[in-house]
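*Asks:* Shown below is the structure under consideration.
Protein chains: 2
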Amino acid sequence: MTLTQLRYLLAIADSGLNITLAAEKVHATQPGLSKQLKQLEDELGFILFTRGARSLESITPAGEKVIEHARILLAEANNIRAIAANLRRDNQGELHIATTHTQARYALPAALAALNRQFPNVAVHLTPGGDGESIASLARGDAEIAIISTAGNAPSAADLAIPLYRWDRVVLVSKQHELAKLDRPLTLADIAKFPLVSYESTREPESSLRQAFSKAGLEMSIAVTARDADLIKTYVRAGFGVGVLAEMAITPEDSDLVAIPADNLLPRCTAWLLLRRDRVLRDYTQALITRLLPQLHALELQRAISDGETLKVNPLHWRDIARPGAIGDFEI
Amino acid sequence: MTLTQLRYLLAIADSGLNITLAAEKVHATQPGLSKQLKQLEDELGFILFTRGARSLESITPAGEKVIEHARILLAEANNIRAIAANLRRDNQGELHIATTHTQARYALPAALAALNRQFPNVAVHLTPGGDGESIASLARGDAEIAIISTAGNAPSAADLAIPLYRWDRVVLVSKQHELAKLDRPLTLADIAKFPLVSYESTREPESSLRQAFSKAGLEMSIAVTARDADLIKTYVRAGFGVGVLAEMAITPEDSDLVAIPADNLLPRCTAWLLLRRDRVLRDYTQALITRLLPQLHALELQRAISDGETLKVNPLHWRDIARPGAIGDFEI
DNA sequence: TACAGTTACGGACCGCGTAAGCATA
DNA sequence: TATGCTTACGCGGTCCGTAACTGTA
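Sequence order for the protein chains is A and B.
Start counting the first sequence at 1; every next residue gets the next number (my numbering).
Start counting the second sequence at 1; every next residue gets the next number (my numbering).
This is the structure in structure tokens:
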């Protein structure tokens, strides 16, 4: 059993059991992987994959177990390499962030730009997806950090969640819309009269928007859902209905529309930074976190990761940190 | 970085930084380890040990971190090998049990004998030690299972504790001793009049024996402490004082002495089986556990290990399972 | 001088890539 | 016939053990 064999094994498993594809991913030849896989199977004494005549058919139950442990093993190998790279002040590498479009588009750019100035050789990969997908990315080890939002407490799925900031939703309509001309505070009942344009997550029954309406005994009708705040704006402009989206997504370019704060109508949300305790952070990852959370001391973060302490962070509200750039946008 | 290099690294760290000794442990030559260590250091880009002229002096802080992760990594490699060995029905191997002398001498022999009948090629290693040492053995990975006792709840240090059985203490005196002739139930005050012969753990301030006395407002004086129940008996016979020890340690051979139950004087103890969730159990280890705990279903154990469920076991009392042989002594 | 770690050297092994083989759809 | 895994083969690197070297107590 060698590290190479296990790396190949995971590459094959993660390539849909296609050895040729896996070989490309690990920059090796297909016969090389084929042979190493066979050797590993010989050493363990059982097959890891069932074979069809033409290709690998499926992972055996024992193979699943082995893969599970191999993932931890290789993750530890990466941890050791991360320790070494940090110590060498080797500031190049990759950083995978799993998050929603809104975070990536409106909240993170400033922090990532600053990170790029400080660490020009770090390649940042943004993996867009819903909250569940982001958590899964983190769990699979594809992403080092995930940023998601909840309307309540920290998501239970991740083992270390740090509150980044709080935010509220806004109702977005055209200037001519009757909701824009109301001379009294907006109510849910007002909104319920129009079809909604909102995030894809609204389709889920646990959606806080959906729950707010049902709690108020109101029916809601959805015109369009999208993952993308820009798409929501587009469809609001096109007159599909009333937009409900995150306040972060409102920029000066949207002055043709009217964004009505919905603080009092819909529950306040918290954006969370999710980490894995069992992964060593590269220096630049930690730099990004401290940039996102200046009030969090680097030592506190270290302790939270290693000693399993729960972090006591009192996150600011978005409107208190937002500037044209967004969070993290201060001089180096 | 290879598995071999990391294995060598740990061997050196665990041999007091003596490469020659480490080389013997891993059945390799000293220059081999020396060179692999150097290669690992070259690859990581920093030294793992500070060198004196004549020998390795100390582990560098970075080295400590690397070693920590290397332990997890190699443990996972062993997990994969364990999965393979179980699947191959390869019923040979080793089983390290960290426990107290009393458990090893009086509670376990029957179960271990039965285990040996079922798995003749398994070498069982009993590592005697106090409760703290046993927990440390388990944590370090030297032992697969630990068996310790507490007077209260499950020890918090281990991540999976299963109650094995409950037991009480007895007061042990010679037949001529005045406590043997009392025509009323024994009290703590009676015992307090004599110097005690008991376990080494009695020296600790948290000792349940010590606490029972201080709660009753009584002073206790200790004549002899030992780890070994046989030694306690010996010193009781020699007239050093009154013995206080586990009921399991009383055998028919002790009929020259009088063992007075102390159920009502001292808190009842629980013997716990301690496991690590992150270690794959060999079939024979699981067989031992089911032998020690027939009421625990094997599937329940599996679930407890993998899913982190808390086990609901209602342990029997020692006197209800004890026979001349001791627990686990039933036909195969 | 004895001991411990490092360097030097030669043989065996092993992993890799190229190329050929083989079995399907 | 195209695809994808397996087997064959030769090269190069690497790991290992023996042996010599170096540097203290």
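Beta carbons: idealized from backbone N, C-alpha and C, even for Gly.
1) Would you check if there are 3 or more beta carbon pairs closer than 8 Å linking the region 135-144 of chain A to the region 162-177 of chain A?
2) Starting from M1 of chain A, find everything on chain B with Cβ-Cβ shorter than 8 Å and list it in chain order.
3) Check this for me: beta carbons of A107 of chain B and M220 of chain B, under 9 Å apart or not?
4) Considering S34 of chain A, what are the terminal residues of the alpha helix (DSSP H) in which it resides?
5) If you draw a straight line from the alpha carbon of R291 of chain B to that of A304 of chain B, how long is it in whole angstroms?
6) So which of A:Q302, A:P128, A:V124 and A:T270 has the shortest CA-CA distance to R279 of chain A?
7) Measuring only from the beta carbon, is E76 of chain B closer than 8 Å to any heavy atom that is part of the ligand NAD?
8) Could you compute how far the alpha carbon of D228 of chain A sits from the alpha carbon of L273 of chain A?
9) What are the complete alpha helix (DSSP H) segments, minimum 4 residues, inside the region 168-231 of chain A?
10) With burial defined as no fewer than 16 other Cβ atoms inside 10 Å of the residue's Cβ, what is the status of P31 of chain A: buried or exposed?
11) Alpha carbon to alpha carbon, how far is I260 of chain B from V170 of chain B?
12) Spell out the partners DSSP gives V119 of chain B in its beta bridges.
13) Taking all protein chains shown into account, do 16 or more other C-beta atoms lie within 10 angstroms of the C-beta of R277 of chain A, making it buried, or fewer, making it exposed?
14) Tell me the start and end of each unbroken alpha helix (DSSP H) in the region 86-173 of chain A that is at least 4 residues and wholly inside, in chain order.
15) Alpha carbon to alpha carbon, how far is V90 of chain A from F49 of chain B?
16) So, at 6 Å on beta carbons, what are the nonlocal neighbours of L56 of chain B in its own chain, with the 5 sequence-adjacent residues on each side left out?
17) In angstroms, rounded to a whole number, what distance separates the CA positions of V236 of chain A and P128 of chain A?
18) Quick one: Cα of A123 of chain A to Cα of A113 of chain A, how far?
19) Starting from E57 of chain A and walking both ways along the beta strand (DSSP E), at which residues does that stretch end?
20) Return yes when the Cβ of T202 of chain B is within less than 9 Å of the Cβ of V244 of chain B, no when it is not.
21) Taking only the alpha-carbon atoms, compute the straight-line gap between A200 of chain B and L209 of chain B and give it to the nearest angstrom.
22) Would you kindly report the start and end of the unbroken alpha helix (DSSP H) that includes L9 of chain A?
23) Among B:T225, B:A151, B:T285 and B:D168, which one has its Cα closest to the Cα of R319 of chain B?
24) Answer yes or no: do S149 of chain A and A22 of chain A have a C-beta to C-beta separation smaller than 9 Å?
25) How is the beta strand (DSSP E) around R277 of chain B delimited, first residue to last?
26) Identify the residues that DSSP records as bridge partners of R51 of chain B: which are they?
27) Pairing CB atoms from the region 97-107 of chain B with CB atoms from the region 74-86 of chain B, are three or more of them under 8 Å?
28) Indicate the three-state DSSP secondary structure (helix, strand or coil) for I305 of chain A in the structure shown.
29) Got a sec: is the Cβ-Cβ distance from L10 of chain A to anything in chain B below 9 Å?
30) With DSSP as the reference, identify every bridge partner of L245 of chain A, one or two as the case may be.
31) If you measure from the beta carbon of D14 of chain B to each beta carbon in chain A, is any gap under 9 Å?
32) Rounded to whole angstroms, what's the CA-CA distance from R7 of chain B to M1 of chain A? Just pull it up for me.
33) Output the distance between the C-alpha atoms of P294 of chain A and A216 of chain A, rounded to the nearest integer angstrom.
34) Figure out for me which residue from A:L296, A:L288 and A:L275 has the closest Cα to the Cα of S137 of chain A.
35) Using a Cβ-Cβ distance under 9 Å, would H27 of chain B count as near chain A?
36) What would DSSP say about A259 of chain B, mapped onto helix, strand or coil?
*Replies:* The short version:
1) no
2) Walking along the first sequence from the start, residue 1 of chain A turns up at place 1. Within 8 Å Cβ-Cβ: L3, A77, I80 and R81.
3) As a working mapping, residue 107 of chain B is identified with position 107 in the second sequence. As a working mapping, residue 220 of chain B is identified with position 220 in the second sequence. In this structure, M220 of chain B does not lie closer than 9 Å to A107 of chain B by Cβ.
4) One-based indexing of the first sequence puts residue 34 of chain A at position 34. Per DSSP, S34 of chain A belongs to the alpha helix (DSSP H) from Q30 to L44.
5) Position 291 of the second sequence, counted from the first residue, corresponds to residue 291 of chain B. Position 304 of the second sequence, counted from the first residue, corresponds to residue 304 of chain B. Taking the straight line from one Cα to the other gives about 17 Å.
6) Looking up residue 279 of chain A in the first sequence gives position 279. Checked all of A:Q302, A:P128, A:V124 and A:T270; the closest Cα to R279 of chain A is A:Q302.
7) Annotation note on the ligand NAD: not contained in the displayed structure, which lists no ligands.
8) Along the first sequence, read from residue 1 onward, the residue named residue 228 of chain A stands at position 228. Along the first sequence, read from residue 1 onward, the residue named residue 273 of chain A stands at position 273. When rounded, the distance between both Cα atoms is 20 Å.
9) 188-192 and 208-215
10) The residue you call residue 31 of chain A lines up with position 31 of the first sequence. With fewer than 16 other Cβ atoms within 10 Å, it is exposed.
11) As a position in the second sequence, residue 260 of chain B is number 260, starting the count at 1. As a position in the second sequence, residue 170 of chain B is number 170, starting the count at 1. In a straight line, the C-alpha of I260 of chain B is about 5 Å away from that of V170 of chain B.
12) Your numbering for residue 119 of chain B matches position 119 in the second sequence. Here residue 119 of chain B turns out to be Phe, not Val, going by the sequence shown. None; F119 of chain B has no bridge partner.
13) The residue given as residue 277 of chain A occupies position 277 in the first sequence. Counting Cβ neighbours within 10 Å, R277 of chain A comes out exposed, since fewer than 16 surround it.
14) 109-118 and 131-140
15) Taking the first residue of the first sequence as 1, we reach residue 90 of chain A at position 90. Taking the first residue of the second sequence as 1, we reach residue 49 of chain B at position 49. Here the sequence assigns Asp to residue 90 of chain A, which means Val is not the residue at that position. Cα to Cα, D90 of chain A sits roughly 21 Å from F49 of chain B.
16) Within the second sequence, residue 56 of chain B is the residue found at index 56, counting from 1. Cβ within range, chain order: L17 and F49.
17) Here residue 236 of chain A refers to the residue found at position 236 when the first sequence is read from its first residue. Here residue 128 of chain A refers to the residue found at position 128 when the first sequence is read from its first residue. About 22 Å.
18) Residue 123 of chain A sits at position 123 when you count from the first residue of the first sequence. Residue 113 of chain A sits at position 113 when you count from the first residue of the first sequence. If you take the alpha carbons of A123 of chain A and A113 of chain A, they lie about 12 Å apart.
19) Within the first sequence, numbered from 1, the residue matching residue 57 of chain A stands at position 57. L56 to I59 is the span of the beta strand (DSSP E), which, as asked, contains E57 of chain A.
20) Locating residue 244 of chain B in the second sequence gives position 244, counting from the first residue. Locating residue 202 of chain B in the second sequence gives position 202, counting from the first residue. Going by C-beta atoms, V244 of chain B is nearer than 9 Å to T202 of chain B.
21) Counted from its first residue, the second sequence places residue 200 of chain B at position 200. Counted from its first residue, the second sequence places residue 209 of chain B at position 209. Inspection of the sequence shows that residue 200 of chain B is occupied by Glu rather than by Ala. Distance between the alpha carbons of E200 of chain B and L209 of chain B is about 11 Å.
22) Stepping through the first sequence from its first residue, residue 9 of chain A is reached at position 9. Looking at the DSSP string, the run of the alpha helix (DSSP H) that includes L9 of chain A is L3 to D14.
23) Residue mapping note: residue 319 of chain B aligns to position 319 of the second sequence, counting from 1. For the residues B:T225, B:A151, B:T285 and B:D168, the minimum Cα distance to R319 of chain B belongs to B:D168.
24) Taking the first residue of the first sequence as position 1, residue 149 of chain A is located at position 149. Taking the first residue of the first sequence as position 1, residue 22 of chain A is located at position 22. No, the Cβ-Cβ distance between S149 of chain A and A22 of chain A is not below 9 Å.
25) Against the second sequence, residue 277 of chain B aligns to sequence position 277. Looking at the DSSP string, R277 of chain B is not in any beta strand (DSSP E), and its letter there is neither H nor E.
26) As a first step, residue 51 of chain B must be located in the second sequence, where it is residue number 51. Partner(s): B:L56.
27) no
28) Here residue 305 of chain A refers to the residue found at position 305 when the first sequence is read from its first residue. I305 of chain A falls in the helix class under three-state DSSP.
29) The count along the first sequence starts at 1 and reaches residue 10 of chain A at position 10. Closer than 9 Å: no.
30) Counting from one through the first sequence, the residue named residue 245 of chain A turns up at place 245. According to DSSP, which records beta bridges pairwise, L245 of chain A is partnered with A:V170.
31) The residue labelled residue 14 of chain B in the question sits at position 14 within the second sequence. Taking Cβ atoms only, chain A never reaches closer than 9 Å to D14 of chain B, which makes this a no.
32) In the second sequence, residue 7 of chain B corresponds to position 7, counting from 1. In the first sequence, residue 1 of chain A corresponds to position 1, counting from 1. Cα to Cα, the separation comes out at about 13 Å.
33) For the purposes of this step, residue 294 of chain A is identified with residue 294 of the first sequence, where counting begins at 1. For the purposes of this step, residue 216 of chain A is identified with residue 216 of the first sequence, where counting begins at 1. Roughly 38 Å between the two C-alpha positions.
34) Walking along the first sequence from the start, residue 137 of chain A turns up at place 137. It is A:L275 whose Cα lies nearest to the Cα of S137 of chain A.
35) By 1-based counting over the second sequence, the position of residue 27 of chain B is 27. It does not; no Cβ of chain A falls within 9 Å.
36) As a first step, residue 259 of chain B is located in the second sequence; it is residue number 259 there, counting from the start. If DSSP states are grouped into helix, strand and coil, A259 of chain B belongs with the strands.
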